[in-house]
Amino acid sequence: MGKDKKLCKWDKEDIQADFKKLKKLVKKPKYVCEKCGRAAREDSALCRPVELE
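Add 172 to a position in the sequence shown, counting from 1, and you land on the number used in this note's numbering.
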């Protein structure tokens, strides 16, 4: 898995390979991707981030 791969593009293998990193990315989310609905703490982890209110 590439280091700069957006969370939106992670597949099952990526999740299994780097579950520890996934937990850090999604802990206390501040943004959600308007394309796929995934949530993350940093906007840079998503393709189309929208800030949660």
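Virtual Cβ for every residue (Gly too), placed ideally from N, Cα, C.
Beta bridge counterpart(s) of residue i as assigned by DSSP
i       : result
Ala-212 : Tyr-203
Val-222 : Val-204
Assigned exposure category for residue i - 16 Cβ within 10 Å defines buried
i       : result
Ala-217 : buried
Arg-210 : buried
Leu-179 : buried
Cys-205 : buried
Cβ distance (whole Å) where residue i is taken to contact residue j below 8 Å
i       : j       : result
Pro-201 : Arg-220 : 14 Å between Cβ atoms; not a contact.
Tyr-203 : Glu-223 : 6 Å
Cβ neighbours of residue i in the same chain (closer than 6 Å, five flanking residues each side left out)
i       : result
Lys-196 : none
Cys-208 : Cys-180
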